[in-house]
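Asks: Protein sequence lines, in the order shown, are assigned to chains A and B.
Using the working numbering, read the first sequence as starting at 8 and increasing by one per residue.
Using the working numbering, read the second sequence as starting at 6 and increasing by one per residue.
The structure that follows is given in the form of structure tokens.
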Amino acid sequence: GENVEQHPSTLSVQEGDSAVIKCTYSDSASNYFPWYKQELGKGPQLIIDIRSNVGEKKDQRIAVTLNKTAKHFSLHITETQPEDSAVYFCAASRIGGGADGLTFGKGTHLIIQP
Amino acid sequence: ETGVTQTPRHLVMGMTNKKSLKCEQHLGHNAMYWYKQSAKKPLELMFVYSLEERVENNSVPSRFSPECPNSSHLFLHLHTLQPEDSALYLCASSQETASYNEQFFGPGTRLTVL
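Written as structure tokens, this is what we have:
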């Protein structure tokens with residue numbers, strides 16, 4: 008089955024700086040890579056996703072890159088703000104083959120220092 | 006709000022009790038999922054239902070029993086649980102298509118087994 012590794016487990020950055028979270032996956036058949044943000048007392052919420060037919064996707068301050076050959080993908084947050092503090096999860100799955108659950112990384116606790 | 010509700014939000018039960026968790030989605034989706042979130046572990050997929058039929062069971066112990074009576078409702082029946090089953094149980098739903106699999110999560114039920 009799929010295995011997703013995520014690093015770092017905790018990341019502390021100064022407000023205004025950039026944050027980068029990295030993930031690797033094992034199953035070459037995986038073709039969908041979402042990133043979720045989880046705030047205290049809430050369920051994970053999708054913030055951006057990427058499919059294996061593109062290498063990069065951007066949405067305002069958030070971007071995701073994918074290297075299919077190396078089987079790794081990364082989340083980039085620029086100009087970090089206090090509200091970015093949360094736990095971020097990467098995930099991988101296959102789409103197009105029926106309802107597939109997501110395989111998640113262990114999460115990164117992002118702390119934005121004022 | 007994501008359109009996925011879960012009740013109860015908190016549950017404390019003894020090892021001999023029987024209880025049920027409920028999930029309801031208001032998004033018109035055709036697939037629903039149960040995940041388990043334990044401290045310092047990745048979210049673990051437990052069950053997947055597509056069009057009200059169970060399509061995946063990730064080797065979950067029989068003391069967890071899912072039920073999906075229709076495409077909007079999902080239950081997780083619990084009996085004779087162990088303290089290590091204490092965790093946050095998350096429900097998610099998605100619209101299964103050939104090219105998209107965004108999963109929307111509920112807020113979770115925080116379960117404590119005494």
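All residues carry an ideal CB built from backbone N, CA and C; glycine is no exception.
Inspect the CB distances between the segment 31-46 of chain B and the segment 92-100 of chain B and report whether three or more fall short of 8 Å.
Replies: yes
Asks: Among residues of its own chain, excluding the 5 on either side of B/Asn106, which ones have a beta-carbon nearer than 8 Å to its beta-carbon?
Replies: Apart from the 5 residues on each side of it in sequence, B/Asn106 sits with its Cβ closer than 8 Å to the Cβ of Ser99 in its chain, given in chain order.
Asks: Count the other C-beta atoms from every protein chain shown that fall within 10 angstroms of the C-beta of B/Thr114, then say buried if there are 16 or more, exposed otherwise.
Replies: buried
Asks: On the DSSP bridge assignment, give the partners of A/Ile54 in chain order.
Replies: A/Ile54 is not bridged to any residue.
Asks: Thinking just about the alpha-carbon of each residue, which of A/Ile118, A/Ile119 and A/Ala98 is nearest to the one in A/Phe40?
Replies: A/Ala98
Asks: Taking Cβ-Cβ distances shorter than 7 Å, what residues in chain B pair up with A/Phe111?
Replies: Pro47 and Leu48
Asks: So A/Asp56 contacts chain C; which residues on that side make the cut at Cβ distance below 8 Å?
Replies: The structure shown contains no chain C; its protein chains are A and B.
Asks: Kindly indicate the opening and closing residues of the beta strand (DSSP E) around B/Arg115.
Replies: Thr114 to Val118
Asks: Evaluate B/Asp90 with the Cβ neighbour count: other Cβ atoms within 10 Å of its Cβ, from every protein chain shown; 16 or more gives buried, anything less gives exposed.
Replies: By the neighbour-count rule (16 or more Cβ atoms within 10 Å), B/Asp90 is buried.
Asks: Starting from the beta carbon of B/Gly111, find every residue of chain A whose beta carbon is closer than 8 Å, and list them in chain order.
Replies: Here the neighbours are Gly50.
Asks: If I measure Cβ to Cβ from B/Glu101 and keep anything under 7 Å in the same chain, skipping five residues before and after, which residues do I get?
Replies: Asn35, Ala36 and Ser55
Asks: With 8 Å as the threshold, decide whether the Cβ of B/Tyr94 is near any Cβ in chain A.
Replies: no
Asks: Going along chain A, which residues have a C-beta under 7 Å from B/Glu61?
Replies: Gly108
Asks: Go through its chain and collect everything with a Cβ distance to A/Leu26's Cβ below 7 Å, but skip five positions before and after it.
Replies: The amino acid at residue 26 of chain A is misidentified as Leu; the sequence shows Ala. Correct list, in chain order: Leu18, Val20, Ile84, Thr87 and Leu117.
Asks: Look up A/Pro89 in the DSSP assignment and say whether it is helix, strand or coil.
Replies: Secondary structure at A/Pro89: helix, using DSSP grouped into helix, strand and coil.
Asks: How far does the beta strand (DSSP E) with A/Ile102 in it extend, from its first residue to its last?
Replies: It is not in any beta strand (DSSP E) - A/Ile102 carries neither H nor E in the DSSP assignment.
Asks: Quick one: what's got a C-beta closer than 8 Å to B/Asn75's C-beta in the same chain, skipping five residues either side?
Replies: Glu57
Asks: Between A/Ser37 and the rest of its own chain, which residues show a CB-CB distance below 7 Å, the 5 nearest in sequence each way excluded?
Replies: Glu9, Ala99, Ser100 and Arg101
Asks: Do B/Pro71 and B/Leu79 have their C-beta atoms within less than 8 Å of each other?
Replies: Less than 8 Å divides the Cβ of B/Pro71 from the Cβ of B/Leu79.
Asks: Grab me the residues of A/Arg58's own chain with a C-beta within less than 8 Å of its C-beta, minus the 5 sequence neighbours each way, in chain order.
Replies: Asn38, Tyr39, Phe40 and Ile102
Asks: Any beta carbon of chain A sitting closer than 8 Å to that of B/Val65?
Replies: With 8 Å as the cut-off, B/Val65 does not count as an interface residue toward chain A.
Asks: DSSP three-state call for B/Glu107: helix, strand or coil?
Replies: coil
Asks: Starting from B/Lys27, trace the beta strand (DSSP E) in both directions and tell me its first and last residue.
Replies: Its beta strand (DSSP E) spans residues Lys23 to Gln30.
Asks: If you drop the 5 nearest sequence neighbours on each side, which residues of the same chain put their C-beta closer than 8 Å to that of A/Val159?
Replies: Beyond the ends of chain A as shown, which are 8 and 121, falls residue 159 of chain A; an answer cannot be given.
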